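This report refers to the structure that appears directly beneath it.
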Amino acid sequence: MKNIEDEKKVAIERFNLFIKQKKMRQTSERVFILDKIYTISSFFDAQTLYEQINQEMHISLATIYSTLNLLQECNLIIRHNFNTNNIKYEKLPIGKATNYYYRVCVKCNTVKAFADSKLSRSISLRKSNAFSTFNHTLYLYGICKKCKENNQ
Ligand SMILES: [Zn+2]
Numbered sequence: 002m003k004n005i006e007d008e009k010k011v012a013i014e015r016f017n018l019f020i021k022q023k024k025m026r027q028t029s030e031r032v033f034i035l036d037k038i039y040t041i042s043s044f045f046d047a048q049t050l051y052e053q054i055n056q057e058m059h060i061s062l063a064t065i066y067s068t069l070n071l072l073q074e075c076n077l078i079i080r081h082n083f084n085t086n087n088i089k090y091e092k093l094p095i096g097k098a099t100n101y102y103y104r105v106c107v108k109c110n111t112v113k114a115f116a117d118s119k120l121s122r123s124i125s126l127r128k129s130n131a132f133s134t135f136n137h138t139l140y141l142y143g144i145c146k147k148c149k150e151n152n153q
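First residue of the sequence shown: 2, per our numbering; consecutive thereafter.
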C-alpha cells in the first residue's frame, strides 16, 4: 500500500463488504470508528478511542466494543492482551500476510513487535474443524535488555 489514506480506503471497502455479507446494517458510526482508528499509529484501548470519538460524534462504548469485535473478525485489527488488565487493539497492515509477534517486558511494559515467517507458516497450516482462526499472535514475556542492565 502506498500510504495510509489508500490503506484506509481499502480497509473501509473490505469492512463494508464484510458487513453486507453478514447481512448487518451499514452505519456511519462503524465507518467513523474505523476512520478514527486510522489516525492512531500505535496501540489503543477502547476507552481512549471512545473519549476521542466522543469529542466529535456521540457513539456509545457498547457500539465501540461491538465494532472492535467486527473489525477483529474482518482481520482489520488485532486485540492484544499484554497483561490481564491491559487490553489494547492495533490495526493490521492491509495486503501484508505477515504476522507480528511481541516481546513484552514485564518490568517497563515496553512492547516490541517482530516477525517470524517460519513460525507464522507453521501456525497457519494447523487446521481444525472445531475452530476457525481469523488471525493469531504470540507474546513473549520477559525482561528487556535495558531493564536487565539497570538491575545489575
Ligand atoms: Zn524493560
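Don't be surprised by glycine CBs; every beta carbon is placed ideally from N, CA and C.
All values reported here derive from a predicted model rather than from experimental measurement.
Between residue i and the rest of its own chain, which residues show a CB-CB distance below 8 Å, the 5 nearest in sequence each way excluded?
i	result
I65	I34, A47, L50, Y51 and I54
I5	Y39
K21	Q27
According to the neighbour-count rule (16 or more other Cβ atoms, all chains shown, within 10 Å of its Cβ), is residue i buried or exposed?
i	result
K92	buried
A114	exposed
N100	buried
Y142	exposed
A116	exposed
T68	buried
L127	Before going on, a small fix: residue 127 reads as Arg here, not Leu. Exposed, since its Cβ has fewer than 16 Cβ neighbours within 10 Å.
A131	exposed
L120	exposed
Helix, strand or coil: how does DSSP classify residue i here?
i	result
A131	coil
R80	strand
K37	helix
N110	coil
K23	coil
L93	coil
In its own chain, which residues sit with a C-beta less than 6 Å from the C-beta of residue i, not counting the 5 before and 5 after it?
i	result
C145	C106 and T111
K37	I54
Y140	Y103 and V105
Just to confirm my understanding: we take residue i, look at its own chain, exclude 5 residues before and 5 after, and list those with CB closer than 7 Å. What are they?
i	result
E30	I60 and T64
E74	F135
So, does the CB of residue i fall closer than 9 Å to a CB anywhere in chain C?
i	result
D46	Structure shown: chain C not included; a single protein chain is present.
> Any contact of the stretch 51–61 with the stretch 71–90, i.e. 3+ C-beta pairs under 8 Å?
Replying inline: no
>> Closer than 8 Å is the cut-off here; do at least three beta carbon pairs connect the stretch 15–25 with the stretch 37–47?
In response: The count of Cβ pairs closer than 8 Å, one atom from the stretch 15–25 and one from the stretch 37–47, stays below three, leaving the stretches out of contact.
> Mind listing, in chain order, the residues whose beta carbon lies closer than 7 Å to a non-hydrogen atom of ligand 1?
Replying inline: In chain order, the residues positioned with their C-beta nearer than 7 Å to some heavy atom of ligand 1 are C106, K108, C109, T111, I144, C145, K147 and C148.
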